[in-house]
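These notes are about the structure you will find just below.
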Amino acid sequence: MVKLLGAVMTGLSCGYFGFRLNASLKKRIKSLGDIVSSLELLESEIAFSAQKLQKAFINADRNGLFTAAAAGIEEHGVKKAWRNAVREKQKEYCLTAADCEALYMLADNIGKTDADNQIKHIKYVKTAVSGQAAAAQSEYDRFGRVYRNGGVLIGLMIVIILA
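Just remember that our numbering sits 42 ahead of the position in the sequence shown, which is counted from 1.
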């Protein structure tokens with residue numbers, strides 16, 4: 043009875059681990075897509091309204107990242123607030139180090155130059171993040187099923203070996 047319970051728990055835990063890896067890949071794709079959408083809205087906010095950057099961040103937010111950055115702008119400044127927000131949301135959004143580096147580029151010029159240069163820089167960052175989203179989609183296409191099915195199969199293999 044205990045052996046059967048151990049086998050079931052082993053199989054389920056390995057399967058769960060595989061499904062969690064698959065879900066994190068999906069979440070990364072969705073998060074990067076939301077960030078691209080927010081960058082497009084931020085671009086429009088800067089181009090067509092004369093609001094403070096903090097208000098533009100709040101209006102452009104689609105997933106919480108820009109609101110988190112807006113909350114720290116007055117206290118830390120734009121660059122540090124943006125970097126802190128990206129670091130804070132990295133695990134929640136399943137972002138890789140390369141994703142974060144692409145997002146950090148926004149902090150370097152936003153709020154320091156005129157609207158035209160800011161829009162150019164936002165487009166550049168949007169292109170970089172879109173590239174990361176395409177890479178994430180490619181990774182999901184290649185490894186999503188492997189993680190999901192592999193977790194279950196590894197669990198079954200361990201159960202068979204131990205039985």
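Using N, Cα and C, we set each Cβ at its ideal position, and we do this for glycine too. Predicted model, so just to flag it, every value in this text is computed and none were measured.
For residue 43, the secondary structure class from DSSP, reduced to helix, strand or coil, is coil.
When only Cα atoms are considered, residue 73 and residue 197 end up about 30 Å apart.
Inter-segment contact for the stretch 171-191 and the stretch 57-72 is present: three or more beta-carbon pairs are separated by less than 8 Å.
Counted as a single uninterrupted DSSP element, the alpha helix (DSSP H) harbouring residue 121 occupies residues 120-132. For residue 144 and residue 61, the gap between their C-alpha atoms comes out near 27 Å. Going by C-alpha positions, residue 107 is about 13 Å away from residue 115. Counting of Cβ neighbours within 10 angstroms places residue 93 among the exposed residues, the total staying below 16. Counting the other Cβ atoms within 10 Å of the Cβ of residue 135 gives 16 or more, which makes it buried. The Cβ neighbour count for residue 164, taken over all protein chains shown within 10 Å, is at least 16; the residue is labelled buried. The beta carbon of residue 146 sits closer than 7 Å to those of 125, 128, all from its chain and outside the five residues before and after it, given in chain order. If you draw a straight line from the Cα of residue 58 to the Cα of residue 151, it is about 42 Å long. Non-local beta-carbon contacts of residue 95 in its own chain, meaning distances under 6 Å to residues more than five positions away in sequence, involve 153 in chain order. Between residue 86 and residue 104 a beta carbon distance of about 13 Å is seen, past the 8 Å cut, so the two are scored as non-contacting. Under the three-state reduction of DSSP output, residue 187 falls in the helix class. Assignment of residue 154 by DSSP, reduced to helix, strand and coil, places it in the coil class.
In the structure shown, residue 179 adopts helical secondary structure according to DSSP, grouped into three states.
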